[in-house]
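Asker: Following this message is one structure expressed as structure tokens.
Set out below in structure tokens:
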């Protein structure tokens with residue numbers, strides 16, 4: 006079960022210019038986005054721990070995103 010709902014995903018497609026979007030396509034993109042978000046979240050959590058913080062900051066997310074793009 007996806008944590009992201011279909012409607013916001015449909016809006017992303019529409020914003021990108023899609024005329025119609027199937028439920029399966031929206032669900033698949035939601036799955037991909039969740040996987041990516043999970044990986045970035047895990048890396049951001051590691052970065053905050055390295056900095057001796059319990060709070061994940063914006064800079065942790067930005068750095069985690071860069072690290073994740075390389076792998």
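Residue numbers (our numbering): 6 to 76.
Glycine residues also receive a C-beta, built at the ideal position from the N, C-alpha and C atoms.
Output the distance between the C-alpha atoms of residue 74 and residue 65, rounded to the nearest integer angstrom.
Answerer: Within the chain shown, numbered from 1, the residue matching residue 74 stands at position 69. Within the chain shown, numbered from 1, the residue matching residue 65 stands at position 60. If I take the Cα positions, the gap works out to 14 Å.
Asker: Can you give the beta carbon distance from residue 35 to residue 15, rounded, assuming they're within the 8 Å contact cut?
Answerer: Position 30 of the chain shown holds residue 35. Position 10 of the chain shown holds residue 15. Contact doesn't hold; Cβ gap of about 10 Å is too wide.
Asker: Would you tell me roughly how many angstroms separate the C-alpha atoms of residue 69 and residue 8, rounded to the nearest one?
Answerer: For the purposes of this step, residue 69 is taken as residue 64 along the chain shown, with counting starting at 1. For the purposes of this step, residue 8 is taken as residue 3 along the chain shown, with counting starting at 1. In a straight line, the C-alpha of residue 69 is about 21 Å away from that of residue 8.
Asker: I believe residue 53 touches residue 45 by the beta-carbon criterion, under 8 Å. Please report the beta-carbon distance rounded to the nearest angstrom.
Answerer: Working through the chain shown from its first residue, we reach residue 53 at position 48. Working through the chain shown from its first residue, we reach residue 45 at position 40. Your pair residue 53 and residue 45 does not check out as a contact, with CB atoms roughly 13 Å apart and the cut at 8 Å.
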